[in-house]
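Asks:
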Amino acid sequence: MTDPSAAALAFLVPLGLAIGALVARFRPAQAWSLAAGFAFAAPLLAVLSFPALSFTGRAMLLLVVGIGAFTLRFSRRYLDGERDTHRYVQWFLLTLTGASLVVTTGDLVVLALSWTLASLSLHQLLTFGPPRAGAEIAAHKKFLLSRVADAAMLAAVVLLARSYGSTDLGFILDQAREGITTVASQAGVLCLVLAVVLRSAQLPFHGWLIQVMEAPTPVSALLHAGVVNLGAYVLIALAPLLLATPGALAILLIAGLSSALLGALASIAQPHVKGALAWSTCAQMGFVLVEIGVGAFDLALLHVLGHAAYKAHAFLASGSGVTAAAYKPAPVRPSGLRWMASTVIAVAIIVSLAPLGRDFAAQPTVLFGSALLAFALVPIIATAPLRQGWRALTPSAVMIVGLPALYAGWHLALGAVVPSASPLAVPAWASWTAVTGFAALLATYAVVTTSPSSAMARALYPHALAGFHLDAVFSRLTFLVWPPTLTPRAVRVAPEAAHLRLERAA
Amino acid sequence: MTLPAMLDTDRDALRADIAAACAKVAPTWPLDRMIAVNPYWGWTSRSVYDAAAELGALAAAPFLMPRRWYREQREKGLIPDAALQLAGARSATSQSPQLALAALEATPPALPRHPMVTAIRDALRDPHREATWEEHVQRQVGQTCAAYFDVAQAIWQPPRDGGLYAFWRRLAANDATPQLLLGDRDVRRAIADLPQDPQSLIAEALDTLSVPAPARERYLSAVLLHIGGWASHAAFRRWDARLHGHDDASIEELLAVRLAWELVLYRTASGTDVPARWTRKRREWQASATEVRKAQESDWMLQRAFELRFQDKLGAALAWQPAFRSAFSGSKAPATISAQAVFCIDVRSEVLRRHLEDVAPELRTLGFAGFFGIPLAYDSLNGDRRPQLPGLLAAAFSAVDADAYDPGTRADASRKRAAEQQWKAAATSLPATFPVVETTGLAAAAKLALATIEPTRAVGDPLRAGRDHPDHQSSLSLRAADGSELSDAARTALALGILRGMSLVKGYAPLVALVGHGSLVTNNPQAAGLACGACGGQSGEVNARVAAALLNDAAVRQGLRDEGVEIPLETRFVAGVHDTTTDDVLLFPDAQTAASHADDIAELSRAFSRAARRVRVERASRLGELPSEPDALAEALRQRAADWSEVRPEWALARNAAFIAAPRSRSRALDLKGRAFLHEYDSALDPDGAVLESILTAPVVVAHWINFQYWASTVDPTHFGSGDKTRHNVVGGHLGVVEGAGGDLRIGLAQQSVHDGENFVHEPMRLAVYVEADETTVEAILARQPAVRNLVDGEWLFLYRIDPADAGVFLRRGPGWELVAPGATGSW
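As structure tokens, this is what we get:
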């Protein structure tokens, strides 16, 4: 990345997208055709800029422009009949400009600024269309959090730049790898961690993520697949700094684990499809932070990519499956004994594979990965149909064999290009905490799905459905500290409220 | 349920009020069976004007278009002076056309709204700095209903013992949101102290809020209108239960839930001036509620004039004798008939029939309810059972797909579905979802790419695996609803009813096509709303095939002969399906017909494809940018049907305005612009009026439901439309949609189904029903059928009669008939 001309290649994509945004702004009539052209040219430009990028940067850039292109294409027919769609295109492309800059830049200041650009542009998309109070309140909450995150990021930039005397990330990371840190640089890293937690919709700052589906579906797809995971990317890219800062990984682990566990429970209780998807994003982002917290950077990157593709598709396709849902058969409810037996079998399977993983217990990421795999196999084994002949067992068998194989395969493939943390850098308690957390999640899942009438399930359910009430405090504070300015015509949930406002104004 | 401290008479009166308020709520079918319903159905025992005034007063629900819209129509010449005069002359009020014109320039007074405690408490809050009770209550009740009724979306299914009200109490008593978000510490305790039984709660609430007995029903109605979407889902559960001989009380429980919030917020505000405001607001409201009807008079006159302009033209056109008209237009129908094609009465069929008759004058077309008179449930290959019949009926028959298959194929089908289910369940279980997303998530990138770049074909009927069967032509078998075999006599009776119903008991062509319709679209939660409403929001293919097989059956033919209906041996029935997004028509001849009538079938198919080319051009003008070259246009429409981002694949029944029950010769060669339901009816074959009676009580009611679904979604999208499709969020897997993150269930049609972004495509017009029959027959039916008479007398629709003798057109008004268009035989 030292050759200036090669480094300039990195800016091909953001530049192309920014031009596209300008075209959309000044030539509204051609917004869709030209913008769609740019969005489809972007993946090609992305490939052209590969020489200037790390593996992580390449993967993320392809992801961002790919999700962006598909989602923008989707928007064209979907938003047919909406007013000012050229503005939508403009802000969409600017969001992508910011996001693609974040994953391509080698400079700390550019990174911070482009992240803010993505956030501000996305804000315009969240309130696109006729004024809706729900959309405005959710966007406002996100706006406030993002500005706090901006402040944290600014502090991080200042502290890191002063400590290392440079804003060049390559230089800073080299220094960090050599163990050169100061109190100020470590404080900077902690500020960075805070910014990421705020921007990754982690509890209790997640409320906006659950409520932004007041915006059109493709905006949700863009947000959940292309923007909310930028924080995880930044952490993976700056891994050496995290490793050089005591406490950074621990904070991520705790924040991520609580979001992964509570978010997952909230997600399975949601009766609305987009609500379930949004809570799942909160949980999956938490899971990524857990993976980073235990030093499994390769898996974290894989998770960001896989989750983004899956979630973009899930949102865009969220109008499908109505008939299937109407004829959904009753779920299988294994007995307690069957759950326990399945746990024993799953653990046995994974332990028997342990020799392949060599010095198993010594490697925290392997411990975490194996335990998680074992837990994942439990519900699959527990719900496998035993009494319907061997052919009915095929899907379960494929999953039981396939999941560990895929997991190991990806780990092997990616481990070479995105190195995990050395075992020494991550305290063993981190992995054990994560393992304990997911064991508890498995146990809770077994109880609430198998005996929802049990005292524990009954006590937990109202809170899971309501997302553990964590957003209420934040919302109230928002209203008190910095109330949203709602468009006078904005439709509130009940028409009556609007009516009353008019009454008072008169 | 017990109401302890009440006298028997009080208790009965309260029960009656609750029942009356609940009966006002029309049912809404779930998305997979999204059929059209008149959301005002519960109000139709009163006149449309009473209903409009009452809904306006209770919920500030607009019943008519905004004045701006009428101004535009006036400027476009669609509300001419003549029509206004006529509207004035036929209006029961003292309103004059001049006043209506003056009103066109004035702003109408704001509609009142029944006071609610939630709103009164909000008046004490600053909505800019605080969350509001209205929003919280709506979201909380919506969330409660969603969680209670959902059995498909959430993996964590809560226990629902004790019913909806008990379920709500458990959730609300554990909800810290009132304290954390709204800063009220007392609410949770007040909820814990509520009575355990919903009826006691309702009695206690009305008592505490001191609502006097005469005002109770209206208040309860207003309360239900506040959660109208979920109330209509609960009303559907009751409707469906009663159709099958059970009952369901969740609508009363929902009423108790919303009323409980009123009570709780009233009690927790005891130290404030909320009680005083409540009393005062109610008094003020009672005064203003009586003004609504008067205020709406001008709008009704403008609306009536707008309708009359259309109805007058149509009436005059229908009054022309067919023979005279064809001589005038120069088109002649040949004497020999090559084939007959029976279509659903759906307004979309009119376009296809008109062009079909144009390109193939030797064809005859007929209109009949698209379920072809067989109220059946479809038993799919993998064992799922789906009703395919109008919402007014319960299934009397079943169409079984499995019979034609060997046990192995059947087992494969269920296993395939079980495997899909297993994979999905495993992928979403915890904590498996984390590694599953991690390791397989990237595969979705391929799905994204395929759906975007190569949308190959629209999603077919997910239950219709049988369509791929090599001998699919005759694979469906008709049985009784309980699965038992039908006797020949029962099948003959069914066939006879079908043939009489479509006035086709003689004059058979060698080939008779029964063409159902469906709409292949992708990723559209409201897709069933585009399919055949008479088939319960499904494609009519199954019904058409069962009907064709029935009418080809030798034993049935013999039975029909004994009843005096002689179908020639060479006449064969063939089923077909019209895809209304692409206008492709597919025929499904059975093996015998395919062999014996190959030429007829080929010719009919050619006629269909030639007609379809013209239909597409006619439709394309409203569908936005599309190529004009016919083949490219067909391809573009097929691509749109397969496009997962398409929100307007077709306009479905928008602009519907008329229903004609007459021989096709009456309307043939008229361009009805896809606005009319056409039902074949020949009064000469129906001396006792039995067929007409079934037309007026079933297809006309269904058409009226469609007509008012479009009406209500256009004039009052807040209460009866489902809002913006791009914000739709499916709830309970298939129960319905909410707009955005939560809140009330949104019912009716989306904005995208009635509006093109610039203008309303649907024009609200009450259905004009034209029947060609003599006066005594029609009057006798009206006397026997109070539900139909209510619709006519209450002007929910307009009933016109075409005299079979001289084609004079009469409007039923009050107790009599008024000549509106003299028969045009002699005077020309």
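From first to last, the protein sequence lines stand for chains A and B.
Each residue of the first sequence is one higher than the last, beginning at 0 in numbering that gives the first Met the number 0.
Each residue of the second sequence is one higher than the last, beginning at 0 in numbering that gives the first Met the number 0.
No residue lacks a Cβ here, since even glycine has one placed at the ideal position from N, Cα and C.
1) So, with DSSP's three-state summary, where would you put Asp630 of chain B?
2) Report yes if the CB atom of Arg124 of chain B is closer than 8 Å to the CB atom of Thr131 of chain B, and no otherwise.
3) Name, please, each residue of chain A whose Cβ falls closer than 7 Å to the Cβ of Asn655 of chain B.
4) Give a yes or no on whether the C-beta atoms belonging to Val350 of chain B and Gly756 of chain B are separated by under 8 Å.
5) Between His462 of chain A and chain B, is any beta-carbon pair separated by less than 8 Å?
6) Are any of the Cβ atoms in chain A nearer than 8 Å to that of Arg215 of chain B?
7) CA-CA distance, Thr521 of chain B and Ala640 of chain B?
8) Out of B:Ser269, B:Val808, B:Ala711, point me to the one whose CA is closest to Tyr769 of chain B's CA.
9) Checking the sheet assignment: what are the DSSP bridge partners for Gln387 of chain B?
10) Sort out for me which residues DSSP pairs Thr27 of chain B with in a bridge.
11) With a threshold of 8 Å on Cβ separation, who are the neighbours of Ile190 of chain B within its own chain once the five nearest residues in sequence on each side are excluded?
12) For chain A, find out if any of its Cβ atoms is closer than 8 Å to the Cβ of Ala12 of chain B; answer yes or no.
13) Around the Cβ of Leu744 of chain B, are there at least 16 other Cβ atoms within 10 angstroms (buried) or fewer (exposed)?
14) In terms of residues, what are the limits of the beta strand (DSSP E) holding His577 of chain B?
15) Using 8 Å as the threshold, is the C-beta distance between Gly741 of chain B and Gly720 of chain B below it?
16) Checking 8 Å against the spacing of the C-beta atoms, do Ala338 of chain B and Pro509 of chain B come in under that value?
17) Examine chain B for any beta-carbon lying closer than 8 Å to the beta-carbon of Ile179 of chain A, and answer yes or no.
18) Could you check where the beta strand (DSSP E) with Tyr769 of chain B kicks off and where it finishes?
19) Bridge partners for Phe759 of chain B per DSSP, in chain order?
20) Between the Cα of Trp90 of chain A and those of A:Ser258, A:Leu191, A:Pro217, spot the shortest distance and give me the residue it belongs to.
21) For Ala230 of chain B, which option in B:Arg215, B:Asp247, B:Gly500 has the closest C-alpha, if you only look at C-alpha atoms?
22) Kindly indicate the opening and closing residues of the beta strand (DSSP E) around Cys343 of chain B.
23) Under 8 Å between the Cβ atoms of Leu124 of chain A and Thr96 of chain A?
24) Spell out the partners DSSP gives Trp816 of chain B in its beta bridges.
25) Can you tell me where the alpha helix (DSSP H) with Leu550 of chain B in it begins and where it stops?
26) Ends of the alpha helix (DSSP H) at Ile235 of chain A?
27) Check whether chain B comes within 8 Å of Phe359 of chain A, counting only Cβ atoms and requiring the distance to be less than that.
28) Expressed to the nearest angstrom, what Euclidean distance is found between the alpha-carbon atoms of Glu135 of chain A and Thr477 of chain A?
29) Could you tell me whether the Cβ of Glu437 of chain B comes closer than 8 Å to any Cβ of chain A?
30) For Ser334 of chain A, count neighbouring Cβ atoms within 10 angstroms of its own Cβ and tell me buried if that reaches 16, exposed if not.
31) Give a yes or no on whether the minimum CB-CB distance between Val63 of chain A and chain B is below 8 Å.
32) Can you list, in chain order, the stretches of the alpha helix (DSSP H) that have 4 or more residues and sit fully within the segment 63 to 101 of chain B?
33) Cβ of Pro716 of chain B within 7 Å of any heavy atom in the ligand NAP?
34) So what's Asp247 of chain B in DSSP terms, helix, strand or just coil?
35) So which residues of chain A does Gly161 of chain B contact, with C-beta pairs closer than 9 Å?
36) List the residues of chain B that Leu112 of chain A touches, going by C-beta distances under 7 Å, in chain order.
Replies: By the coordinates alone:
1) In the second sequence, the residue the question calls residue 630 of chain B occupies position 631. Here Asp630 of chain B sits in helix by DSSP.
2) As a working note, residue 124 of chain B is residue 125 in the second sequence. As a working note, residue 131 of chain B is residue 132 in the second sequence. Yes; because the gap between Cβ atoms is below 8 Å, this pair is in contact.
3) Start at 1 with the first residue of the second sequence, and residue 655 of chain B comes out as number 656. Simply none; closest approach about 21 Å.
4) What you label residue 350 of chain B is simply residue 351 of the second sequence in a count that begins at 1. What you label residue 756 of chain B is simply residue 757 of the second sequence in a count that begins at 1. Not closer than 8 Å, so no.
5) As a first step, residue 462 of chain A must be located in the first sequence, where it is residue number 463. Chain B contact via Cβ: present.
6) Counting from 1 along the second sequence, the entry for residue 215 of chain B is found at position 216. Output row for Arg215 of chain B: interface = no.
7) Sequence index remark: in the second sequence, residue 521 of chain B carries index 522 (1-based). Sequence index remark: in the second sequence, residue 640 of chain B carries index 641 (1-based). If you draw a straight line from the Cα of Thr521 of chain B to the Cα of Ala640 of chain B, it is about 6 Å long.
8) The residue labelled residue 769 of chain B in the question sits at position 770 within the second sequence. Closest by alpha carbon: B:Val808.
9) Against the second sequence, residue 387 of chain B aligns to sequence position 388. Per DSSP, B:Leu375.
10) Sequence index remark: in the second sequence, residue 27 of chain B carries index 28 (1-based). In DSSP, Thr27 of chain B forms no bridge with anything.
11) On the second sequence, residue 190 of chain B is found 191 positions in, with the first residue counted as 1. Taken in chain order, the residues that qualify are Arg168, Ala171, Ala172, Ala259, Val263.
12) One-based indexing of the second sequence puts residue 12 of chain B at position 13. No, its Cβ sits nowhere closer than 8 Å to a Cβ of chain A.
13) The residue you call residue 744 of chain B lines up with position 745 of the second sequence. Looking at its Cβ environment, which holds 16 or more other Cβ atoms inside 10 Å, Leu744 of chain B is buried.
14) As a first step, residue 577 of chain B is located in the second sequence; it is residue number 578 there, counting from the start. Element bounds for His577 of chain B: 571 to 578.
15) For the purposes of this step, residue 741 of chain B is identified with residue 742 of the second sequence, where counting begins at 1. For the purposes of this step, residue 720 of chain B is identified with residue 721 of the second sequence, where counting begins at 1. No, these two residues do not count as a Cβ contact at 8 Å.
16) What you label residue 338 of chain B is simply residue 339 of the second sequence in a count that begins at 1. What you label residue 509 of chain B is simply residue 510 of the second sequence in a count that begins at 1. Yes; because the gap between Cβ atoms is below 8 Å, this pair is in contact.
17) By 1-based counting over the first sequence, the position of residue 179 of chain A is 180. Taking Cβ atoms only, chain B never reaches closer than 8 Å to Ile179 of chain A, which makes this a no.
18) Position 770 of the second sequence, counted from the first residue, corresponds to residue 769 of chain B. Looking at the DSSP string, the run of the beta strand (DSSP E) that includes Tyr769 of chain B is 767 to 771.
19) For the purposes of this step, residue 759 of chain B is taken as the residue at position 760 of the second sequence. For Phe759 of chain B, which the question treats as bridged, DSSP gives the partners B:His754.
20) Indexing the first sequence from 1 puts residue 90 of chain A at position 91. Among A:Ser258, A:Leu191, A:Pro217, the Cα nearest to that of Trp90 of chain A is on A:Pro217.
21) As a working mapping, residue 230 of chain B is identified with position 231 in the second sequence. Comparing Cα-Cα distances from Ala230 of chain B to each of B:Arg215, B:Asp247, B:Gly500, the minimum goes to B:Asp247.
22) Against the second sequence, residue 343 of chain B aligns to sequence position 344. Looking at the DSSP string, the run of the beta strand (DSSP E) that includes Cys343 of chain B is 338 to 343.
23) As a working mapping, residue 124 of chain A is identified with position 125 in the first sequence. As a working mapping, residue 96 of chain A is identified with position 97 in the first sequence. It is not a contact, given that the beta carbons lie outside the stated cut-off.
24) In the second sequence, counting from the first residue as 1, residue 816 of chain B sits at position 817. Here Trp816 of chain B is bridged, per DSSP, to B:Arg811.
25) Here the question's residue 550 of chain B lines up with position 551 in the second sequence. For Leu550 of chain B, the enclosing alpha helix (DSSP H) has its first and last residue at 540 to 551.
26) Position 236 of the first sequence holds residue 235 of chain A. Residues 229 to 236.
27) In the first sequence, the residue the question calls residue 359 of chain A occupies position 360. Its pLDDT being 49, under 50, Phe359 of chain A is placed unreliably in this model, and the value from its coordinates should be taken loosely. No, Phe359 of chain A lies away from the interface with chain B (no Cβ there is under 8 Å from its Cβ).
28) Taking the first residue of the first sequence as 1, we reach residue 135 of chain A at position 136. Taking the first residue of the first sequence as 1, we reach residue 477 of chain A at position 478. Looking at the two C-alpha atoms, the distance is approximately 13 Å.
29) Taking the second sequence and counting its residues from 1, one reaches residue 437 of chain B at position 438. Yes, because at least one Cβ of chain A sits closer than 8 Å to the Cβ of Glu437 of chain B.
30) As a position in the first sequence, residue 334 of chain A is number 335, starting the count at 1. Classification of Ser334 of chain A: exposed, given that the 10 Å Cβ count is below 16.
31) Here residue 63 of chain A is taken as the residue at index 64 of the first sequence, counted from 1. False, the Cβ-Cβ gap to chain B never drops below 8 Å.
32) 66 to 74, 80 to 89
33) Summarising the ligand content, the structure contains no ligands, and the ligand NAP is consequently not present.
34) If you number the second sequence from 1, residue 247 of chain B lands on position 248. Three-state result, Asp247 of chain B: coil.
35) Against the second sequence, residue 161 of chain B aligns to sequence position 162. Correct list: empty, because the minimum Cβ distance to chain A is about 12 Å.
36) Within the first sequence, residue 112 of chain A is the residue found at index 113, counting from 1. Within 7 Å Cβ-Cβ: nothing; Leu112 of chain A doesn't reach chain B, min ~29 Å.
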